[in-house]
Each structure stands twice: as C-alpha cells, then as structure tokens.
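In our numbering, the protein residues as written are 365 to 877.
C-beta atoms are modelled at their ideal positions from N, C-alpha and C, and glycine is treated no differently.
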C-alpha cells in the first residue's frame with residue numbers, strides 16, 4: 365500500500381469523531397488487518413547488527429530468541445524449551461522441536477550455535493556486546509546447545525533475549541534487506557524510511573496471532589500520528605505527546621494506554637579527542653569534568669519535564685527507578701546557572717563556547733529545550749536533527765561532539781547500560797558497543813566486570829548502585845528524564861503495554877477475544 369501524503373489540514377471535530385469511530389478495521393472491513401504508526405524506523409533487518417530497542421522490536425516480528433519476556437520483562441522459554449546449569453559457568457539449553465524458518469528449513473542446534481558464534485566472530489555487530497562473557501558455544505546434540513561462560517553471570521538468560529536465531533551460514537548480505545526467521549510474521553515489503561508490511565506465517569510453531577496483515581508506518585512525527593489516527597489510516601499509534609490523549613478524549617473511538625518506560629534520555633559527548641569537530645572551543649571542553657558538571661547544573665530537569673509535550677520523570681541516573689541496580693538514595697541534581705558559569709570559567713571558558721548538538725529526529729522537542737537551557741550559561745547550541753539511521757551512523761563513526769539520544773535496559777537489569785554504554789570499548793568488542801563518547805575509566809570498568817560475576821542478587825544490586833554513584837560524579841552521560849509511553853488503540857482491539865516500549869503485533873488481540 366502506497367502511503368498517502370497529508371497536508372496540514374486538520375479535521376473538524378464532528379468529522380474527526382466519525383472517522384475515529386470507524387477506523388478499527390482500517391477502512392478494509394477486516395479486523396485481522398491493522399496499520400500501526402510508530403515513531404522509529406529500523407536501520408537494517410539484520411537482527412544482530414543494531415542494538416536498539418526499535419530495531420529489536422521490528423525484528424521480533426520475524427525472528428525469535430532462545431528466551432522471551434512478557435510485558436513485565438519476566439523471562440519465559442521460547443526457542444529454548446528448557447535449560448540447566450551443571451556448574452555456574454555452563455548452560456545447557458534444549459531446543460524446541462518442529463520449528464521451521466520461513467524458508468522451510470528445520471531449526472536445529474547448529475543454527476543456534478552459529479547465531480551466537482556469529483556475534484563472537486564479528487565485532488561490527490552491536491549485539492555482540494551482550495555475548496561478551498561467552499567463551500565457547502557448541503551444538504552437543506541435534507536439539508541441544510552447550511554454552512561455556514568465561515565467568516559466572518546470573519543474568520545470562522536476560523542477555524540471550526537479544527540474540528535472534530538466524531539460519532546457519534547467514535551473512536550480513538543475506539540478512540540486511542530480507543529476513544528468514546522463525547517468528548510469527550513474514551516480511552512482505554520494506555520501503556525504507558516509510559513502512560514495513562508483513563503477513564502472518566501460517567506454519568508458525570507457536571500461538572497463532574490474531575492479526576493476519578500488519579503494516580508499520582515508520583518514523584512518524586507526533587503531528588503525523590494524530591493525522592494517521594484522525595484519518596482512519598491507523599488503528600494503533602505510538603507517540604509520547606500529550607496531544608494524543610487530548611485528541612482521543614475529544615473524539616472517542618480509541619482508548620489511551622500509558623506506561624512507565626525503560627528509556628532514559630541523555631546528553632552524551634566526545635570524550636575521545638583533544639580536538640572535537642563540531643565545537644568552537646579548543647581543546648575539547650567535554651573532556652574537562654568541570655564543563656560536564658556545568659552542563660549538569662545548567663539543566664533544570666523539573667522545568668524541562670514540564671515543558672515537554674510528553675509525560676516524563678526527571679532522571680539523575682542512567683536507568684529509571686524500576687530497573688534493577690537503580691540507587692534510590694541519590695537526589696536529583698539541582699539547577700544552579702551561576703555555579704555553572706563559574707565552573708565554565710574555571711575550566712578556561714569564561715565566555716562559553718559554540719557547539720552542534722546532534723539529535724535524533726524523535727527528540728527534537730527535547731533538543732530545543734536543552735538549547736534554551738544552556739544558552740544562559742554561555743553554551744550556544746545549534747541543533748542538528750537526524751533520522752535514526754543517519755544519527756547512529758554518525759555516532760558509530762565518531763562524527764559528533766555533543767549528542768542527544770536515549771537508552772533502555774530491556775532486560776530490566778542495569779548491566780545492559782553499564783556493559784554496552786559505560787564500559788570502555790575493548791579490542792574484541794565484548795564491551796562498549798554503544799559507548800559512543802568513548803568514555804574510559806579503568807576503575808569503573810573493573811567494577812562493571814566484577815558486578816557481573818556476583819551471584820547473590822543483593823550483592824549485585826549494591827555493586828551496581830556504587831557504580832551509579834560514581835557515574836553521577838564523573839558524568840560520562842548527563843541523564844535528563846525517563847519517559848512515560850503513550851499509545852492510542854482502536855476500541856476494536858486490546859493490548860497490554862510493555863515495559864520495554866515495544867509494539868509487537870503478535871500481542872494484539874481482538875477486543876472480544
């Protein structure tokens with residue numbers, strides 16, 4: 365289906381009411397067909413290439429992992445029907461029988477071993493970070509895989525969640541633009557930056573989804589989302605914009621769902637180079653902790669959250685309060701522009717400096733508020749908005765000095781962010797796959813590695829909370845706020861929001877079922 369182009373015309377209330385009430389079937393008369401508007405877009409269909417929640421949510425329609433999580437992020441069996449640990453560093457997993465890939469190939473333990481080994485062999489694959497502790501993986505039977513770890517890791521199953529199983533001998537070339545998974549949907553068409561169309565896989569081994577045909581409209585702005593809903597184009601929309609709730613309340617036909625999100629929005633910066641490219645100050649001011657502290661004190665988080673068009677909670681740590689490892693004893697940093705100016709002067713920048721803030725398009729409102737709040741202390745920001753593929757290409761190529769993004773611990777455990785984003789990048793890609801600023805702190809690196817070895821949950825929590833306190837002091841990031849996710853869904857359907865913010869078509873049911 366070719367996307368229609370919308371102008372700036374808004375529907376009158378009476379007309380919009382009729383359209384909203386009629387959009388449950390997307391104008392097709394079929395409730396098993398749905399169009400969903402989402403604010404993100406995938407960079408690739410290779411499920412190992414990109415470690416972002418949006419890419420993982422898209423790939424989860426086509427691919428599956430050994431385990432899955434429910435809406436509360438609790439672990440359940442998936443392609444692994446059971447597992448056992450004969451010793452703390454060995455995992456033996458029994459594979460679900462009678463599972464086929466969309467190509468018709470039978471799933472075997474060789475496919476599972478290959479999928480994990482592929483991550484170990486290819487440092488350019490971002491999901492590799494999650495398998496940093498794997499020493500060896502082998503198919504030890506037609507439907508059995510044995511994994512040996514370098515050290516005890518109590519949350520290893522949580523890490524396996526992101527390892528999608530691909531057919532043996534798959535490559536980046538075969539996976540990048542098409543899929544061959546074991547999931548409930550097959551790809552019909554991918555119009556990059558515009559939409560993904562998929563259809564239910566009739567030979568799917570698991571529970572049959574209620575929806576047969578699904579279209580994801582990609583990279584939709586809040587304005588586009590409201591138009592998608594108002595025109596009857598989309599029966600399900602995701603947008604963290606309060607106007608969405610007001611529109612639904614005014615016109616009916618949909619119901620609003622709201623849920624705490626794992627995502628924390630943060631400011632990052634180049635900590636690698638003495639001379640950073642998009643900043644007027646020399647040397648690189650972000651390598652000076654006083655400058656990082658000044659930015660921290662220049663941000664009024666309460667005001668920032670009030671001015672956002674989406675519900676949110678101020679944040680001082682890289683994780684929200686319900687993630688394991690959060691430290692509730694740490695207060696929010698106060699806003700003190702005068703002290704921020706003093707710190708900048710002490711760092712050698714009494715007149716501040718100019719810098720470009722690279723931001724994801726979906727965070728444009730936040731970027732503008734950050735620009736406004738930094739101006740009074742002398743940091744003059746020019747915002748450059750980018751679509752996700754371009755943005756992450758820039759970060760991966762170190763082509764940014766100051767950037768605005770978000771990260772979420774989709775396993776429910778703070779080790780996700782600590783190992784991927786805070787730990788120094790290592791030569792073989794075990795850590796730091798999303799450490800875009802190239803932060804390096806050997807003491808924190810050792811603490812992150814030691815924390816992963818702890819078996820006792822309370823010991824792990826205390827260790828991670830100590831790391832959180834150290835990060836608030838050193839500021840490799842400046843956390844801004846944690847999201848609240850908003851969704852509007854036609855009354856013809858029912859669905860439960862997930863803590864990881866993923867919208868999975870296979871979890872949508874008809875309202876009377």
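Local conformation of residue i per DSSP, three classes
i	result
residue 579	strand
residue 621	strand
residue 505	strand
residue 643	strand
residue 860	coil
residue 676	strand
residue 441	strand
residue 449	strand
residue 465	coil
residue 385	Note on residue 385: pLDDT 37, under 50, position unreliable in the model; no value is reported.
residue 756	helix
residue 873	strand
residue 585	coil
residue 782	helix
residue 591	helix
Outcome for residue i when other beta-carbon atoms lying within 10 angstroms are tallied against a minimum of 16
i	result
residue 779	buried
residue 369	Low per-residue confidence applies at residue 369: pLDDT is 26, beneath 50, and the placement is therefore not dependable enough to give any value.
residue 388	Its pLDDT being 43, under 50, residue 388 is placed unreliably by the model, and nothing is read from it.
residue 386	The predicted model places residue 386 with a pLDDT of 37, which falls under 50 and marks its position as unreliable, so this point remains unresolved.
residue 648	buried
residue 401	buried
residue 480	buried
residue 443	buried
residue 586	buried
residue 448	exposed
residue 372	Confidence at residue 372 is low in this model, with a pLDDT of 24, below 50, so the placement of that residue is unreliable and no value is reported for it.
residue 535	exposed
Residue i versus residue j: straight-line alpha-carbon distance, rounded
i	j	result
residue 392	residue 597	Note that residue 392 scores 49 on pLDDT, short of 50, meaning its location in the model is unreliable and no value can be drawn from it.
residue 849	residue 506	42 Å
residue 719	residue 631	13 Å
residue 740	residue 845	21 Å
residue 394	residue 575	10 Å
residue 563	residue 639	50 Å
residue 827	residue 811	8 Å
residue 414	residue 407	7 Å
residue 426	residue 868	11 Å
residue 553	residue 580	11 Å
residue 594	residue 611	9 Å
residue 510	residue 501	6 Å
residue 584	residue 403	5 Å
residue 769	residue 653	20 Å
residue 727	residue 470	42 Å
residue 435	residue 804	34 Å
residue 561	residue 544	15 Å
residue 697	residue 663	9 Å
residue 518	residue 744	45 Å
residue 795	residue 600	37 Å
residue 763	residue 841	17 Å
residue 646	residue 538	45 Å
residue 754	residue 456	40 Å
residue 929	residue 446	Since the first and last residues shown for the chain are 365 and 877, residue 929 lies out of range.
residue 694	residue 678	13 Å
Residue range of the beta strand (DSSP E) that includes residue i
i	result
residue 748	743-750
residue 848	842-854
residue 422	Element bounds for residue 422: not the beta strand (DSSP E) but the alpha helix (DSSP H), 417-423.
residue 459	454-459
residue 432	431-433
Neighbour flag for residue i against chain D, beta carbons, 8 Å
i	result
residue 659	The chain labelled as chain D is not found in the depicted structure, where only one protein chain is given.
Boundaries of the alpha helix (DSSP H) in which residue i is found, first to last residue
i	result
residue 775	It is not in any alpha helix (DSSP H) - residue 775 carries neither H nor E in the DSSP assignment.
residue 405	No alpha helix (DSSP H) contains residue 405, which DSSP labels as neither H nor E.
residue 723	From DSSP, residue 723 is part of no alpha helix (DSSP H) but of the beta strand (DSSP E) over 717-724.
residue 824	821-838
residue 730	728-738
residue 485	473-485
residue 493	No alpha helix (DSSP H) holds residue 493; DSSP gives it neither H nor E.
residue 572	Per DSSP, residue 572 belongs to no alpha helix (DSSP H) and is neither H nor E.
residue 810	806-817
For this session: Identify every run of the beta strand (DSSP E) within the segment 595-641, keeping only runs that are complete inside it and at least 3 residues long; order them along the chain.
Result: The DSSP assignment places complete beta strand (DSSP E) segments of no fewer than 3 residues inside the segment 595-641 at 600-602, 618-633, in order along the chain.
For this session: Write down every uninterrupted run of the alpha helix (DSSP H) in the segment 498-566 whose length is 4 residues or greater and which is fully enclosed by it, in chain order.
Result: 520-524, 536-539
Problem set entry | beta strand (DSSP E) runs contained entirely in the segment 651-718, provided each spans 3 or more residues | 676-678
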